[in-house]
Amino acid sequence: MKKIGILMIFIVALLSACTSIEREAGVIRRITYEGSTFGLIVDAVEVDFQNGTRKLYENDLVSREKNPTEFDEIPQSDFTVSKIEDIPELEQDILDTGTCDWQEEYIDPDMMDGYQWLLNIYFQNDEVKSIYGSNSAPETFLELRALLSGKDTV
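As structure tokens, then:
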């Protein structure tokens, strides 16, 4: 019984920490996102809040010979880099999508192949939240992708 009580306290503390992270300004250091199909990255974004840049990768040539399968395999020359106009506003808009409340996984077990995605949020306190999806996503996923890519829609 004591173990259950300790577990409940831990869960409440964890959820409270997530809520407090969501309310604070300036808590996100960096976000990376990658979308893939058949194991090949088709789009990726890195938003760096510390230096105010957005790196966008779009792979329209999925059939080319050397396709990246990991974010770190994407050649830096393949990214389009732009400056972020209003860093605090972008961060707040991202937090307003509720990413702090997202589950760790969104998987449609009835679909074998399709679209997979991975989102990593790096916080100032060195915590990392990783969220993965396969043919499934939270309700505000497309809104988040648009915010990360700097486009109105994706």
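Residue numbering for the sequence shown follows this note's numbering, starting at 28 and increasing by one per position.
Yeah, the Cβ is synthetic: ideal placement off N, Cα and C, and Gly gets one too.
This structure is a prediction, so every number in the text was calculated from the model and none was measured.
Handout entry: DSSP state of D70 mapped onto helix, strand, coil
Key = Stepping through the sequence shown from its first residue, residue 70 is reached at position 43. In the structure shown, D70 sits in a strand (DSSP, three-state: E or B).
Exercise for the section: Measure the C-alpha to C-alpha separation of T126 and I58 and round it to an integer number of angstroms. Expected result: On the sequence shown, residue 126 is found 99 positions in, with the first residue counted as 1. On the sequence shown, residue 58 is found 31 positions in, with the first residue counted as 1. Their backbone Cα atoms lie some 11 angstroms apart in a straight line.
Exercise for the section: Express the C-alpha separation of N152 and I85 in angstroms, rounding to a whole number. Expected result: Stepping through the sequence shown from its first residue, residue 85 is reached at position 58. Stepping through the sequence shown from its first residue, residue 152 is reached at position 125. Per the sequence shown, residue 85 should be read as Glu rather than Ile. E85 and N152: Cα-Cα distance of roughly 30 angstroms.
Practice task
Could you check how far apart the C-beta atoms of I134 and S157 are, in whole angstroms? I think they sit under 8 angstroms.
Solution key: Here residue 134 corresponds to residue number 107 of the sequence shown, with the count starting at 1. Here residue 157 corresponds to residue number 130 of the sequence shown, with the count starting at 1. Going by Cβ atoms, the distance from I134 to S157 rounds to 14 angstroms, so no, they are not a contact pair.
Problem - Where the beta strand (DSSP E) through F168 begins and ends - result: Here residue 168 corresponds to residue number 141 of the sequence shown, with the count starting at 1. Careful: F168 lies outside any beta strand (DSSP E), inside the alpha helix (DSSP H) at F168 to S176.
Exercise for the section: Quick one: using the 10 Å Cβ neighbour count with 16 as the cut-off for buried, is L169 buried or exposed? Expected result: Counting from one through the sequence shown, the residue named residue 169 turns up at place 142. Its Cβ having fewer than 16 others within 10 Å, L169 is exposed.
Exercise for the section: Note down, one range per segment and in chain order, each alpha helix (DSSP H) of at least 4 residues found wholly within the region 90-163. Expected result: 114-123
Exercise for the section: Work out the CA separation of S104 and A167 for me, nearest whole Å. Expected result: Sequence index remark: in the sequence shown, residue 167 carries index 140 (1-based). Sequence index remark: in the sequence shown, residue 104 carries index 77 (1-based). The identity of residue 167 in the sequence shown is Thr, whereas the question assumes Ala. Using only the alpha carbons, I get a separation of about 30 angstroms.
Exercise for the section: Determine the burial state of Q119: buried for a count of at least 16 other Cβ atoms within 10 Å of its Cβ, exposed for fewer. Expected result: Within the sequence shown, the letter at position 92 stands for residue 119. Burial call: exposed.
Practice task
Would you mind reading off the limits of the beta strand (DSSP E) that contains G53?
Solution key: Numbered from 1 along the sequence shown, position 26 holds the residue referred to as residue 53. That residue, G53, is in no beta strand (DSSP E); it is neither H nor E in DSSP.
Exercise for the section: Look at E61 and F106 and say whether their C-beta atoms are less than 8 angstroms apart. Expected result: Here residue 61 refers to the residue found at position 34 when the sequence shown is read from its first residue. Here residue 106 refers to the residue found at position 79 when the sequence shown is read from its first residue. For E61 and F106, no; Cβs fall outside 8 angstroms.
Exercise for the section: Might you give, ordered along the chain, the residues of its own chain that have their beta carbon closer than 7 angstroms to the beta carbon of I101, omitting 5 neighbours on each side? Expected result: In the sequence shown, counting from the first residue as 1, residue 101 sits at position 74. I68, A71, Y84 and P95.
Problem - Bridge-paired residues (DSSP) for G62 - result: As a first step, residue 62 must be located in the sequence shown, where it is residue number 35. Answer is D70 and W144, bridged to G62.
Handout entry: Euclidean distance between Cα positions of F65 and P165
Key = Walking along the sequence shown from the start, residue 65 turns up at place 38. Walking along the sequence shown from the start, residue 165 turns up at place 138. About 21 angstroms.
Problem - Coarse secondary structure for D12, derived from DSSP in three states - result: Outside the shown range of the chain (28 to 181) lies residue 12, about which nothing can therefore be said.
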